[in-house]
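A.B. asks:
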Amino acid sequence: ARSGYCQRCGAHLGRGHMVSLHGLLAFALAALVCLVIGNLTPLVSLDMRGVPHAVSLPQALQLTAQTGHLGIALLAGLCALGFPFLMIGLRVYVLWPLSRGRVPRYFVPAMHLLRHATLWSMVEVFMLSALVAIVRSASFATVVPGAALLAYAGLTLLLTSLTAAGLHTLWKIGVPLHEAASPAWAD
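Note that our numbering numbers the sequence shown so that position 103 is 103, with each residue one more than the last.
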């Protein structure tokens, strides 16, 4: 762990944790597994008047769109599915070669896109919304959380860890490798 101190007064400002590239890659791959599980399995199972209904996230988005709320379905789909997938895919794209001492071909554009995708990935907001909906639904139906809810809980923790690790380390490792691979980088 590294610590930061104020240059003026010497006060301790914070402590950062270094996670290795292989550790970050493991987080990204685990997040990908959680995202896949979260979209292939039921989010919740509702039992209303003896009729069970299991719903996955893609099914819930489709039902939302069919009820005339296409904009909400698209926004929810992008923030809970699209941007997290983009963020994880870009992390794997960058981390896989970096962990082997190479730089990916489109390193710089991927890093810029990763920064923007991270801003729009709102899995934690989705998780909080899902939990509130489950609690509210419990008053008129029997609600059983599904495997997808647990997968999204794990995904939330993994994406938070990846985001907390930041992009600085990736830039710090990738730029010298990129410069060595193509001397025209500085032009």
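Every residue gets a Cβ at the ideal spot worked out from N, C-alpha and C, and that includes glycine.
Have a look at Val92 and Ile72 and give me their C-alpha separation to the nearest angstrom.
C.D. replies: Residue numbering aside, residue 92 sits at position 92 when the sequence shown is read from its first letter. Residue numbering aside, residue 72 sits at position 72 when the sequence shown is read from its first letter. When rounded, the distance between both Cα atoms is 29 Å.
A.B. asks: Do Leu75 and Val123 have their C-beta atoms within less than 8 Å of each other?
C.D. replies: Position 75 of the sequence shown, counted from the first residue, corresponds to residue 75. Position 123 of the sequence shown, counted from the first residue, corresponds to residue 123. No.
A.B. asks: Buried or exposed: Pro104, going by 16 or more other Cβ atoms within 10 Å of its Cβ?
C.D. replies: Residue numbering aside, residue 104 sits at position 104 when the sequence shown is read from its first letter. Answer is buried; the Cβ neighbour count reaches 16.
A.B. asks: Can you grab the Cα-Cα spacing for the pair Ser137 / Gly68, in whole Å?
C.D. replies: Taking the first residue of the sequence shown as 1, we reach residue 137 at position 137. Taking the first residue of the sequence shown as 1, we reach residue 68 at position 68. A direct Cα-to-Cα measurement between Ser137 and Gly68 gives close to 21 Å.
A.B. asks: Are the segment 29-39 and the segment 149-166 in contact at 8 Å, needing three or more beta carbon pairs?
C.D. replies: yes
A.B. asks: Quick one: grab the DSSP three-state call for Leu63.
C.D. replies: Here residue 63 is taken as the residue at index 63 of the sequence shown, counted from 1. Looking at Leu63 - three-state DSSP - the assignment turns out to be helix.
A.B. asks: In or out: Pro84 buried (at least 16 other Cβ within 10 Å) or exposed?
C.D. replies: Numbered from its first residue, the sequence shown carries residue 84 at position 84. Label assigned to Pro84: buried.
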